[in-house]
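In full-length UniProt numbering, the protein residues as written are 1 to 629.
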Amino acid sequence: MAQQTMSFQAEVKQLLQLMIHSLYSNKEIFLRELISNASDAADKLRFEAINNDALYENDPQLRIRVGYDKAARTVFIEDNGIGMSRDDAVTHLGTIAKSGTREFFQRLTGDQQKDAALIGQFGVGFYSGFIVADKITVESRRAGLPGNEGVRWESGGEGDFTVETIERAARGTTITLHLREGEDELLSSWRLKSIIQKYSDHISLPIVMRKESWDAEKSEMVLQDEDETVNQASALWTRSKSEITDEQYQAFYEHIAHDSEAPLAWAHNRVEGRSEYTQLLYVPSHAPYDLWDRSQRAGIKLYVRRVFIMDDAEQLMPSYLRFVRGVVDSSDLPLNVSREILQESRDVKAIREGGTKRVLGLLEDLAENQKEKYTTFWRTFGQVLKEGLGEDNANRERLAKLLRFASTRQDSDEQSVSLADYVARMKEGQDKIYYVTAESWQAASHSPHLEVFRKKDVEVLLLTDRVDEWMLSFLQEFDGKPLVSVARGDLDLGQLEDTQVKEEREKIGETFKPLIEKMQEALKDKAKEVRVTFRLTDSPSCLVADEHDMSGTLQRLLKAAGQKAPNFKPILEINPEHALVRRLSADDSQLADWSHLLFDQALLAEGGSLEDPAAFVKRTNTLLLGHLQ
Numbered sequence: 001m002a003q004q005t006m007s008f009q010a011e012v013k014q015l016l017q018l019m020i021h022s023l024y025s026n027k028e029i030f031l032r033e034l035i036s037n038a039s040d041a042a043d044k045l046r047f048e049a050i051n052n053d054a055l056y057e058n059d060p061q062l063r064i065r066v067g068y069d070k071a072a073r074t075v076f077i078e079d080n081g082i083g084m085s086r087d088d089a090v091t092h093l094g095t096i097a098k099s100g101t102r103e104f105f106q107r108l109t110g111d112q113q114k115d116a117a118l119i120g121q122f123g124v125g126f127y128s129g130f131i132v133a134d135k136i137t138v139e140s141r142r143a144g145l146p147g148n149e150g151v152r153w154e155s156g157g158e159g160d161f162t163v164e165t166i167e168r169a170a171r172g173t174t175i176t177l178h179l180r181e182g183e184d185e186l187l188s189s190w191r192l193k194s195i196i197q198k199y200s201d202h203i204s205l206p207i208v209m210r211k212e213s214w215d216a217e218k219s220e221m222v223l224q225d226e227d228e229t230v231n232q233a234s235a236l237w238t239r240s241k242s243e244i245t246d247e248q249y250q251a252f253y254e255h256i257a258h259d260s261e262a263p264l265a266w267a268h269n270r271v272e273g274r275s276e277y278t279q280l281l282y283v284p285s286h287a288p289y290d291l292w293d294r295s296q297r298a299g300i301k302l303y304v305r306r307v308f309i310m311d312d313a314e315q316l317m318p319s320y321l322r323f324v325r326g327v328v329d330s331s332d333l334p335l336n337v338s339r340e341i342l343q344e345s346r347d348v349k350a351i352r353e354g355g356t357k358r359v360l361g362l363l364e365d366l367a368e369n370q371k372e373k374y375t376t377f378w379r380t381f382g383q384v385l386k387e388g389l390g391e392d393n394a395n396r397e398r399l400a401k402l403l404r405f406a407s408t409r410q411d412s413d414e415q416s417v418s419l420a421d422y423v424a425r426m427k428e429g430q431d432k433i434y435y436v437t438a439e440s441w442q443a444a445s446h447s448p449h450l451e452v453f454r455k456k457d458v459e460v461l462l463l464t465d466r467v468d469e470w471m472l473s474f475l476q477e478f479d480g481k482p483l484v485s486v487a488r489g490d491l492d493l494g495q496l497e498d499t500q501v502k503e504e505r506e507k508i509g510e511t512f513k514p515l516i517e518k519m520q521e522a523l524k525d526k527a528k529e530v531r532v533t534f535r536l537t538d539s540p541s542c543l544v545a546d547e548h549d550m551s552g553t554l555q556r557l558l559k560a561a562g563q564k565a566p567n568f569k570p571i572l573e574i575n576p577e578h579a580l581v582r583r584l585s586a587d588d589s590q591l592a593d594w595s596h597l598l599f600d601q602a603l604l605a606e607g608g609s610l611e612d613p614a615a616f617v618k619r620t621n622t623l624l625l626g627h628l629q
């Protein structure tokens with residue numbers, strides 16, 4: 001087919017400008033990205049060849065070749081992987097998935113080191129070649145296609161590219177970079193080797209280059225006909241732990257996670273027994289961009305006897321650990337394993353359980369021995385880990401010990417209090433773990449429900465994450481102590497309150513009966529019940545949920561998420577010791593207005609919104625005017 005000129009997608013043009021003008025100081029990443037792509041192409045060939053061995057075309061030794069031509073001022077990266085057809089070249093080199101591109105540009109920070117790491121994370125690494133090249137030529141043939149269906153793709157990184165069909169005997173891809181002025185340092189075996197050993201030493205394929213020797217006559221290094229392998233060329237996870245340095249572990253993490261920041265922790269072990277597998281698992285130090293997309297589970301790469309199978313094996317790690325990155329290499333699974341087989345396999349279940357326990361062990365070690373790192377982990381992934389309370393019944397107790405919360409013992413929203421810390425500080429006679437939920441730390445810390453607890457110096461946990469209300473339906477006790485909301489049901493302080501005080505309060509409750517009955521009548525459309533409370537010291541009123549009703553916080557969260565929430569009426573509790581309540585009388589002609597005012601004030605105090613703000617303002621002004629007259 002004749003040569004065609006085609007235009008880049010608009011997002012690609014924008015991306016090319018970024019590559020050329022914004023990431024120049026970190027230019028050596030181009031080789032890392034192109035070698036990583038070549039490695040992926042080999043993995044894809046291995047996978048497809050499981051069911052079609054003919055794809056190897058009598059060339060089963062997969063490799064990557066890197067070299068240069070000083071006279072032509074070019075650098076090339078060549079692989080004998082899966083290769084591309086003409087349509088593949090147009091699709092993969094001319095367009096990018098729009099959602100991914102938009103997200104990529106939104107994530108850019110201006111920090112060149114971090115932005116360079118995003119290139120691999122979003123699968124746009126090919127275009128990094130334009131950092132050092134003013135023209136890129138790609139020649140390729142897909143495995144299984146005849147030699148006359150090769151393709152040549154070429155672009156100067158401006159607005160368009162050309163594509164034509166060519167004759168190509170070898171399968172795979174050759175990328176030739178025509179260097180910009182000033183990039184001659186790359187025309188050196190030493191320079192290319194140093195970049196490869198820095199970024200790509202862990203690649204399991206051999207990366208080969210021509211050997212160099214000194215030519216005395218020319219007074220320069222010249223290429224020989226003999227090849228040498230310039231990387232370790234063995235899968236890092238198959239090596240003994242004693243042979244691997246921390247730097248090598250971190251370099252491998254950077255490769256699989258496309259993350260330039262070091263991981264918080266990792267675990268590397270071989271499991272033998274009924275199921276045999278090797279796992280290398282990492283806990284990142286910051287969140288991936290798609291952390292909150294529960295359908296995105298591309299953290300674990302699955303290999304079977306060192307043959308790459310898939311890079312999003314969600315069956316190997318539970319959803320609440322979706323931030324974990326790593327590799328699992330099984331000796332037991334069949335090479336042609338499918339997602340359906342993974343779903344049903346007993347071996348996969350064993351791998352999943354073993355991997356989960358290994359990650360929880362890593363987190364327990366951080367929590368116990370590296371508290372600063374665990375604080376970093378919790379800030380980043382704490383809300384996701386909380387999902388495990390409902391998803392992983394077998395590990396619920398271990399997960400509960402890893403939880404961290406803010407509490408009334410602190411002056412900030414730092415979530416650093418464990419349930420074990422709380423229990424260790426419980427007052428004598430206290431037999432419950434008290435908590436309050438709210439939509440923000442400010443709302444929780446200023447909740448009127450805390451007043452009696454502050455007076456008695458009883459610690460209360462402040463729960464403000466959206467997942468907390470859901471989590472609490474699975475976390476009902478810890479260390480034999482029930483978790484109790486300070487905003488639910490009748491307040492029972494147990495042994496923290498003496499019998500005489502209880503009796504006096506019962507008498508006070510009796511004297512307020514006529515007032516309570518009138519208020520209940522006035523608020524019958526808003527409140528399930530009105531009653532006297534002694535949980536307040538400074539506020540005149542508060543709202544509580546009945547013992548088995550949904551809390552107001554959860555109802556508001558569901559509505560905000562666009563879900564239909566059952567409309568449970570709250571209970572209005574009034575403080576008989578507050579001056580405002582003491583002035584109320586069952587015979588007061590304005591009692592209905594006062595009742596509504598106390599209800600609305602309580603609703604606002606817990607972070608709720610008024611159904612009729614105008615009526616609230618009008619009622620407040622009427623009562624104020626009546627008081628001033």
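A virtual CB, placed ideally from N, CA and C, is assigned to each residue, including glycine.
Within the UniProt domain "Histidine kinase/HSP90-like ATPase" (26 to 183), the beta strand (DSSP E) runs of at least 3 residues that lie entirely inside it are, in chain order, 64 to 69, 74 to 79, 133 to 141, 150 to 155, 160 to 166 and 172 to 179. Collapsing the DSSP output to three states places residue 454 in a helix. Within the segment 565 to 629, the runs of beta strand (DSSP E) at least 3 residues long that lie entirely inside it are, in chain order, 571 to 574.
One thing to note: residue 190 has its Cβ no nearer than 8 Å to the Cβ of residue 93. When the beta-carbon positions are compared, residue 574 and residue 532 come within less than 8 Å of each other. Short of 7 Å from the beta carbon of residue 362, and not among the five residues preceding or following it, lie these beta carbons of its own chain, in chain order: 265, 267 and 283. Comparing alpha carbon positions, the residue from 6, 334 and 125 closest to residue 40 is 125.
Non-local C-beta neighbours of residue 528 in its own chain, meaning closer than 7 Å and more than five positions away in sequence, comprise 546, 569, 570 and 571, ordered along the chain. With a cutoff of 8 Å on beta-carbon distance, residue 73 and residue 179 are scored as near each other. Within the same chain, and ignoring the five residues on either side of residue 576 in sequence, the residues whose Cβ sits closer than 6 Å to its Cβ are 508, 512 and 532. One alpha carbon belongs to residue 472, the other to residue 389, and they sit about 9 Å apart. For the set 599, 308 and 462, the Cα lying nearest the Cα of residue 50 is the one of 308. In this model, residue 246 and residue 328 are separated by some 19 Å (Cα to Cα). Between the beta-carbon of residue 198 and that of residue 209 there is about 15 Å, and that puts the pair past the 8 Å contact cut. Closest by C-alpha distance to residue 379, out of 402, 68, 139 and 536, is 402. Rounded to the nearest whole angstrom, the CA to CA distance from residue 455 to residue 588 is 32 Å. Contact annotation: the segment 161 to 171 does not touch the segment 216 to 225, with fewer than three C-beta pairs closer than 8 Å.
Contact check for residue 551 against residue 595 fails: the beta carbons are separated by 8 Å or more.
By the Cβ rule, the segment 451 to 470 counts as touching the segment 407 to 420, because three or more pairs are nearer than 8 Å. Here residue 248 has 201, 202 and 236 as same chain residues with Cβ atoms under 8 Å from its own Cβ, once five neighbours each way along the sequence are excluded. One thing to note: residue 350 has its Cβ within 8 Å of the Cβ of residue 275. Annotated three-state conformation of residue 269 is strand, per DSSP. Residue 279 has 269 and 328 as its beta-bridge partners, per DSSP.
The Cβ neighbour count for residue 582, taken over all protein chains shown within 10 Å, is under 16; the residue is labelled exposed. Taken through DSSP and simplified to helix, strand or coil, residue 516 comes out as helix. Put simply, of 503, 165, 132 and 147 the residue whose alpha carbon is nearest the alpha carbon of residue 181 is 132. Look at residue 528 here: in three-state DSSP terms it is coil, with no helix or strand label. DSSP, read as helix, strand or coil, puts residue 223 in strand.
In the DSSP assignment, residue 214 falls within the unbroken beta strand (DSSP E) covering 207 to 215. Around the C-beta of residue 600, 16 or more other C-beta atoms lie within 10 Å, and the residue is accordingly described as buried. When only Cα atoms are considered, residue 469 and residue 438 end up about 9 Å apart.
For the pair residue 323 and residue 288, the CB atoms are nearer than the 8 Å cut-off.
The beta carbon of residue 416 sits closer than 6 Å to those of 404, all from its chain and outside the five residues before and after it, given in chain order. Residue 332 and residue 204 have their alpha carbons spaced roughly 21 Å apart. The three-state secondary structure of residue 426, taken from DSSP, is coil. Residue 434: member of the beta strand (DSSP E) spanning 433 to 437, first to last residue.
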